[in-house]
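Below is one structure, written out as structure tokens, with a few remarks after it.
Numbering (our numbering), first residue to last: 270 to 421.
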């Protein structure tokens with residue numbers, strides 16, 4: 270399947286990057302813009318849950334069977350030495366606007382993309398460089414992907 274869009278959020282606190290998955294895009298959201306707007310709704314409602322992290326990665330997708338808007342958030346922390354660290358990744362979900370800290374179910378595409386993000390992070394010099402750039406290859410899941418830099 271893969272990803273339709275990548276949203277770069279270097280100015281967010283904490284900074285982050287979100288992928289918008291093809292799964293449920295048309296059926297649940299109707300458009301990339303709607304999924305993008307839902308991301309910012311979730312960040313405004315539950316962004317405080319991310320404040321203990323150094324950065325986050327997220328996957329926005331739609332549960333077609335249940336007709337639910339879903340975001341898998343992974344907050345990363347415990348970065349001691351930037352390039353050589355193995356940070357903890359703490360997952361939680363926002364489903365139809367509600368916060369769920371436990372029992373997250375994600376897909377293999379997310380794990381592949383976030384693994385490539387980890388490989389890319391280890392090649393960057395610092396958090397700012399990592400957040401302002403992105404891996405060009407996320408396991409073949411980036412075909413046709415658009416990259417969005419939100420305006421301030």
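The C-beta atom is built at its ideal place from N, Cα and C for all residues, glycine as well.
What you are looking at is a predicted structure, and each value in this text was computed from that prediction instead of being measured.
If residue i sits next to residue j, beta carbons under 8 Å apart, how far is it from one beta carbon to the other, in whole angstroms?
i	j	result
residue 340	residue 358	About 15 Å separates the two Cβ atoms, so there is no contact after all.
For residue i, count neighbouring Cβ atoms within 10 angstroms of its own Cβ and tell me buried if that reaches 16, exposed if not.
i	result
residue 394	exposed
residue 400	buried
residue 363	buried
residue 383	buried
residue 361	buried
residue 386	buried
residue 273	buried
residue 378	buried
Quick check on the DSSP output: the beta strand (DSSP E) that includes residue i runs from which residue to which?
i	result
residue 424	In the structure displayed, the chain extends from 270 to 421; residue 424 sits before or after that span and is not available.
residue 277	272-278
residue 316	Unbroken run through residue 316: none, as it is neither H nor E.
Based on Cα-Cα distance, which residue from the options lies nearest to residue i?
i	options	result
residue 417	272, 277, 323 and 270	277
residue 338	323, 349, 381 and 301	301
residue 324	313, 376 and 280	280
residue 420	271, 305 and 348	305
residue 367	273, 308 and 415	308
Would you identify the three-state DSSP class for residue i, choosing helix, strand or coil?
i	result
residue 348	coil
residue 387	helix
Tell me the residue span of the alpha helix (DSSP H) that contains residue i.
i	result
residue 371	Per DSSP, residue 371 belongs to no alpha helix (DSSP H) and is neither H nor E.
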